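Taken in order, these protein sequences are the chains called A and B. Under the numbering used here, think of the first position of the first sequence as 1, with each following residue one higher. Under the numbering used here, think of the first position of the second sequence as 1001, with each following residue one higher. Structure first, then comments.
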Amino acid sequence: MAFRNYILVCGGTGCESSRADDIYKNLIAECEAQGVKDEVQIVKTGCFGFCEQGPIVKILPEDSFYVQVKPEDAKELISEHIIKGREVTRLLYNKDKSHKHAQVEEIEFYQKQFRIVLRNCGFIDPEKIDEYIARDGYSALEKVLFDMTPDEIIGELKTSGLRGRGGAGFPTWMKWNFTKMAENDQKFVVCNADEGDPGAYMDRSTLEGDPHTVLEAMTICGKAIGANQGYIYIRAEYPLAIHRLEVAMEQAREYGLLGKDILGSGFDFDIEIRLGAGAFVCGEETALLQSIEGFRGMPQPRPPFPAVKGLWQKPTCINNVETWANIPVIINKGGAWFQKIGTADSHGTKVFALTGKIKNSGLVEVPMGTTLREIVFDVGGGIANGKEFKAVQTGGPSGGVITKENLDTPIDFGGLQKIGSMMGSGGMIVMDEDDCIVDVAKFYLNFTVDESCGKCAPCRIGGRSLLNILEKITNGKGTQRDIDNIHSIGLAMRKGSLCALGQTAPNPILSSLKYFPEEYKAHIEEKRCPAGKCKKLISYSINVDKCIGCTACARKCPVGAISGERKQAHIIDQAACIKCGACLVACKFGAVEVH
Amino acid sequence: MAKMTLEELRNLRASKQKSLQKRSIEGKEGQIIIGMGTCGIAAGAKTVLDAFLSELDAKGITNISVTQTGCMGLCHVEPTVEVVVPNMPDVIYGNVDAKVAKQIVQDHLIDHKLVSDHVFDRPAADIYVKDGDK
């Protein structure tokens, strides 16, 4: 018998960690218990993207979008929705609205999105190759194996205008073409899944939700450039993505879509997984290749580029996960179709991981050229808790801040560069008025200093020196000379570092210095942190006129620095205070003040 | 499954596409809504629901979704089924059993004729106007 209802349960890491797996199991058990297991198909899909509201359960054909579902809700979902046909309104996303169904298309979070890379995420079961095949999966591979020459494949990519999604935006067709033209008996295809930017999880979600698209794309590349072996370099911290890739590879081999003589075409191609040990620098292509070869992951001077001398000195075509995910669609729908999406500078879409002080954090895919305002305020729903927008950091530790003035800049590779940031891999961290820009710059620099491989001096020494200066400033010991030093060290790192990690490490400081000079000035000249973040520069005190002596703060203080009788104004012992801010949160009368 | 040839892959895709299409809500043009309140279930709505599902499947109709609702207030003619499809008036059928369900699929959905013996409710004008158009 055919199914009448389909229950899609999110199986991304975000939702799994809020017990989506238990929801899935409970739903199956309840369907069995309530006698509808033959009528309902329960599918565990990839990430829906709306992580803020997870775990997400979607029931079709009603298209009911249930959010923040708990395992205990499974019984009610089956007995009410499936058996009686009544939506469980308390779990619906837009339950306040008067209309009957919470149509997914009507949720603002999804309205401005356009999904190419994430086309199958949240719809198919990533562990079933048949579902991928049913969604035109492996039809691009068919086309490439039987109807296209390598030059035609690369020509299609050229028409599409696809640029690498790993960060730098190098035209993908050129990379492929260089590797194709390099003459050698052995070439390699590599997928860079070493996603390491703080707050970025686009690649992880793509691999978890639709692993076959990457396998198909890599095989297409193998055919185009003349390679028979591919490697996926993925961080070991992504166990679910690794598991789904392994399942996908096994299924593809079983179907003859990987391995010898694919679909009887005579073309051989296979893929192996290599696990990274969590070194950020291994996301840099030459360091990544070193790591695959078994050496310590350190960048190599370029040229020679990997396209000429890559893995084991053989020509190697290396692309990022998101780039790969675009390939089958471009082959299927044509480069001209893809070229029409986006801007003149950048075509297609970009996936962003929207996090930080935003209402709807999650995974969003928008056409290139969408403005930051649309992403933050329309898709993201604006700043959480009614605070004031301050800035967005794009490009992770290699990028820069984008301020209110630049909110309307269309986001594409060129546009972001012009305002001193970069596309990066797609992490987007939103900051509000409570964030201290110097502190944020320090956070990123701390990260890059930690992750520097130490091979070249500008990065190893320059990064450390910059961090020392920032420490000084946030401790209230900065001088005007420090600002000059930041500029000269930053410039030296940009010019002298071997790889992008060092070249871009000063970006967060330089761009925040450019857009928020007054905040640096406040730290240096007035020894004051306007956002109240830098502990050495702030002090907490209790306003005696507002304090009613409720003792709430004194009970919360972890070091017992607050004293006072009940119903009498309290006092903070400045010498004992560790400036944790617990009293500020605890006070309901606004009596605790930050200076 | 063993390794596939090109043709086998295409056949597999074609067959799987159909089953996945049912999951997609795009392209769903109509609805069959079955009254499954206590009265409906007691009168055999569950058998009717099963009959609709298997009949739609047998006839290869994929653009109609089958859903259920509570009591429609016509408890004397349960099981009741509301059919909403383009180019046809919205109709509530009563006294539906598995046989009538099959008839509804054939007459109403495929031949665009009403199963007159079982039409129980809906504003009559709605039916006259649309029928008059034909």
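Even for Gly, the Cβ is constructed at its ideal location relative to N, Cα and C. None of these values were measured; they are calculated from a predicted model.
With which residues is residue i paired in a DSSP beta bridge?
| i | result |
| --- | --- |
| GLN1068/B | ILE1034/B |
| MET428/A | LEU354/A and THR394/A |
| CYS317/A | VAL189/A |
| TYR231/A | VAL190/A and GLU272/A |
| LYS340/A | Looking at the DSSP assignment, LYS340/A forms no beta bridge with any residue, so it has no partner. |
| PHE447/A | BP columns for PHE447/A are empty, so no partner. |
| PRO458/A | According to DSSP, which records beta bridges pairwise, PRO458/A is partnered with nothing at all. |
| ILE42/A | ILE7/A |
| LEU363/A | ALA353/A |
| TYR515/A | TYR515/A is not bridged to any residue. |
| PHE389/A | ASP432/A |
| GLY259/A | PHE269/A |
| GLU593/A | SER541/A |
| THR13/A | DSSP lists no partner for THR13/A. |
Can you confirm whether residue i, when its beta carbon is compared against all beta carbons of chain A, has any partner nearer than 7 Å?
| i | result |
| --- | --- |
| LEU1006/B | yes |
| GLN1053/B | The question names Gln, but residue 1053/B is Leu in the sequence shown. Judged by the 7 Å Cβ criterion, LEU1053/B is in contact with chain A. |
| THR1062/B | no |
| ASP1126/B | For ASP1126/B, the predicted model reports a pLDDT of 47, less than 50, meaning its position is unreliable and no value from the coordinates is stated. |
| LEU1020/B | yes |
| ASP1117/B | no |
| GLN1103/B | no |
| THR1080/B | no |
| GLN1068/B | yes |
Starting from the Cα of residue i, find the closest Cα among the options and give me that residue.
| i | options | result |
| --- | --- | --- |
| GLY646/A | LEU60/A, ARG165/A, LYS25/A and SER291/A | Past the boundaries of the shown model lies residue 646/A; chain A is included only from 1 to 595, so the question cannot be answered. |
| PRO239/A | VAL9/A, HIS487/A and GLY14/A | GLY14/A |
| ALA505/A | SER452/A, ALA554/A and VAL117/A | SER452/A |
| HIS487/A | THR206/A, LEU470/A, ASN475/A and GLY310/A | LEU470/A |
| ASP194/A | ASN319/A, PRO71/A and GLN41/A | ASN319/A |
| ALA561/A | TYR540/A, LYS75/A, ILE7/A and MET181/A | TYR540/A |
| VAL366/A | THR355/A, THR349/A and LYS357/A | THR349/A |
| LEU311/A | THR323/A, ILE327/A, TRP324/A and GLY294/A | GLY294/A |
| GLU1071/B | GLY335/A, GLU142/A and ILE83/A | Reading off the sequence, residue 1071/B comes out as Cys, not Glu. It is ILE83/A whose Cα lies nearest to the Cα of CYS1071/B. |
| LYS418/A | GLY382/A, CYS529/A and ASP345/A | ASP345/A |
| THR479/A | PRO508/A, LYS495/A and ILE524/A | ILE524/A |
| CYS583/A | ASP203/A, ALA200/A, ARG566/A and VAL559/A | VAL559/A |
| LEU157/A | LYS143/A, MET174/A, ALA575/A and ASP147/A | MET174/A |
| LYS455/A | PRO301/A, PHE389/A, ILE548/A and ASP484/A | PRO301/A |
| MET368/A | THR343/A, LYS359/A and GLU388/A | THR343/A |
Could you tell me whether any Cβ in chain B is nearer than 7 Å to the Cβ of residue i?
| i | result |
| --- | --- |
| PRO211/A | no |
| GLY348/A | no |
| GLY85/A | yes |
| GLY294/A | no |
| PRO328/A | no |
| ILE375/A | no |
| TYR255/A | yes |
| LEU118/A | no |
| GLY264/A | yes |
| ALA134/A | yes |
| ARG115/A | no |
Ordered along the chain, which non-local residues of its own chain (more than five positions away) have a Cβ less than 7 Å from that of residue i?
| i | result |
| --- | --- |
| ALA492/A | PRO458 and GLY462 |
| ASP197/A | GLY396, PRO397, GLY424, SER425 and GLY427 |
| GLY420/A | GLY400, SER511 and LYS514 |
| HIS1118/B | TYR1093, GLY1094, ASN1095, VAL1096 and VAL1100 |
| TYR138/A | GLU216 and LEU257 |
| ASN26/A | PRO71 and ALA74 |
| VAL1077/B | GLY1094, ASN1095 and PHE1120 |
| VAL247/A | GLU127 |
| LYS546/A | PHE589, GLY590 and ALA591 |
| GLN34/A | ILE78, SER79 and ILE83 |
Might you give, ordered along the chain, the residues of its own chain that have their beta carbon closer than 8 Å to the beta carbon of residue i, omitting 5 neighbours on each side?
| i | result |
| --- | --- |
| LEU1012/B | MET1004 |
| LYS314/A | ASN184, GLN186, LYS187 and PHE188 |
| HIS1112/B | ASN1087 and MET1088 |
| ARG135/A | ARG119, ASN120, PHE123 and ILE124 |
| THR45/A | LEU8, VAL9, CYS10, GLY11, CYS121, GLY122, PHE123, ILE124, ASP125, PRO126 and GLY209 |
Establish whether the CB of residue i and some CB of chain D are separated by less than 7 Å.
| i | result |
| --- | --- |
| SER1065/B | Absent from the structure is chain D; the protein chains it does hold are A and B. |
Starting from the C-beta of residue i, find all residues in its chain whose C-beta is less than 6 Å away, skip the five residues before and the five after it, and write them out in chain order.
| i | result |
| --- | --- |
| LYS536/A | ASN475 and GLY476 |
| TYR6/A | GLN41 and LEU60 |
| ALA1098/B | THR1047 and ALA1051 |
| GLN1017/B | none |
Original post:
What residue ranges within the region 148-192 of chain A form continuous alpha helix (DSSP H) runs of no fewer than 4 residues, ordered along the chain?
Top reply: Those alpha helix (DSSP H) runs which fall completely within the region 148-192 of chain A and span 4+ residues are 150-160 and 172-181.
**OP:** Within the region 52-133 of chain A, note down every full alpha helix (DSSP H) run reaching 4 residues or more, in order along the chain.
**Re:** Note on the region 52-133 of chain A: whole alpha helix (DSSP H) runs with a minimum of 4 residues are 108-111, in chain order.
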